[in-house]
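Below is one structure; the comments refer to it alone.
Residue numbers (the working numbering): 1430 to 1505.
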């Protein structure tokens, strides 16, 4: 089973910060959500070449996750 890690998605948005679309995933893997969020400002500054009027970023989990179903651990 591969480990759980966090990635940052750079989002491109229309004017008014609506209709956002994932433009790319930052290649860095973070070991915690807090570590990913701490890097948001720096990564946004590095990814200004996204061809949208507005950009944003979001951290999310990646890798293997375990879900508990009816009292048993189940791999998702």
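Glycine included, C-beta positions come from ideal geometry on N, C-alpha and C.
Remember, predicted model here, so these are calculated numbers, not experimental data.
Would you please state the rounded distance, in angstroms, between the beta carbons of residue i and residue j? I believe it to be under 8 Å.
i, j, result
"residue 1469", "residue 1443", "With 8 Å as the limit, residue 1469 and residue 1443 do not qualify as a contact, their Cβ atoms being about 21 Å apart."
"residue 1490", "residue 1433", "6 Å"
Please go through the same chain and pick out, in chain order, the residues whose beta-carbon is closer than 6 Å to the beta-carbon of residue i, but skip the five residues on each side of it.
i, result
"residue 1452", "1439, 1441, 1479"
"residue 1370", "Here the chain comprises residues numbered 1430 to 1505, so residue 1370 is not present and cannot be evaluated."
"residue 1455", "1437, 1472"
Give every residue of the same chain whose Cβ lies closer than 7 Å to the Cβ of residue i, excluding the five residues on either side of it in the sequence, and list them in chain order.
i, result
"residue 1473", "1484, 1486"
Grab me the residues of residue i's own chain with a C-beta within less than 8 Å of its C-beta, minus the 5 sequence neighbours each way, in chain order.
i, result
"residue 1448", "1442"
"residue 1461", "1435"
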